[in-house]
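When we follow the working numbering, the leftmost residue of the sequence shown carries the number 779, and every step to the right adds one.
Everything below concerns the one structure shown next.
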Amino acid sequence: MSGKQEGVNIESLSAQQLSAVKKQLDEEVEHLTASYTQLAAAQAKFKECLRIVQTGSSSFDDNKDILVPLTNSLYAKGKLSNPDRVIVDVGTGFYVEKDTKSATEFYDAKVKELGANIQNLEAIVQGKTNNLRVVEEVLRQKVMAQGAGPASAQA
Numbered sequence: 779m780s781g782k783q784e785g786v787n788i789e790s791l792s793a794q795q796l797s798a799v800k801k802q803l804d805e806e807v808e809h810l811t812a813s814y815t816q817l818a819a820a821q822a823k824f825k826e827c828l829r830i831v832q833t834g835s836s837s838f839d840d841n842k843d844i845l846v847p848l849t850n851s852l853y854a855k856g857k858l859s860n861p862d863r864v865i866v867d868v869g870t871g872f873y874v875e876k877d878t879k880s881a882t883e884f885y886d887a888k889v890k891e892l893g894a895n896i897q898n899l900e901a902i903v904q905g906k907t908n909n910l911r912v913v914e915e916v917l918r919q920k921v922m923a924q925g926a927g928p929a930s931a932q933a
């Protein structure tokens, strides 16, 4: 065989085999959908960071109090020492101080990268969903055909 996957004629599979394929496709679609949701949430978070960096530096002055997030639900009062410099979470717990232009570029690149990943994942989910519908239809036909014959107990 070559490195490419070869298709299987699903009409040649038994109802039991089709049920196993359907179960596997269901699990894959569920996993991919969860991944899609996580990517969309991460993209929304980066978009919010981008919005704050873009609008924040001009709206803050040196003496204005701000709330600094310590966790998702815990904030502490603070002051910006320099509104033109921000601390950026670059991943895995690492933070880097950047000027607002660099931070904007960083967040913009992250939003675009996640957008491309989301589009790729959408195409994969759509393909898997279409495959799932085909398998369900063939399985339905096999079960109906077996219901008409004496082998209906096998389904």
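Ideal Cβ placement from N, Cα and C applies to all residues, glycine included.
Every value quoted in this text rests on a predicted model; they were computed, and no experiment measured them.
The C-alpha of Thr833 lies about 50 Å from the C-alpha of Val799. In this structure, Leu796 places its C-beta atom within 9 Å of the C-beta atom of Lys920. Taking C-beta atoms as the reference points, Val846 and Tyr853 count as a pair closer than 9 Å. When the alpha-carbon of Lys842 is set against those of Lys857, Leu848 and Leu828, the nearest one is in Lys857.
With respect to the C-alpha of Val831, the residue from Val912, Glu806, Tyr885 and Met922 having the closest C-alpha is Tyr885. As summarised for the region 790–876, the continuous beta strand (DSSP E) elements at least 3 residues long and confined to that stretch are 843–847, 853–857 and 863–869, given in chain order. Rounded to the nearest angstrom, the Cβ distance from Gln821 to Ile896 is 7 Å, consistent with a contact under 8 Å.
Secondary structure at Asn787: coil, using DSSP grouped into helix, strand and coil. Less than 9 Å separates the beta-carbon of Val807 from that of Val903. Closest option to Asp862, judged by alpha-carbon separation, among Thr878, Ala819 and Ala923: Thr878. Apart from the 5 residues on each side of it in sequence, Asp804 sits with its Cβ closer than 8 Å to the Cβ of Leu910 in its chain, given in chain order. Cα atoms of Glu875 and Val866: separation of roughly 6 Å, rounded to the nearest angstrom. In its chain, beyond the 5 residues on either side, Leu817, Ala820, Gln821 and Phe824 have a beta carbon closer than 7 Å to the beta carbon of Leu892. Residues Lys800 of the same chain have their beta carbon placed closer than 8 Å to that of Glu914, with the five preceding and five following residues left out of the count.
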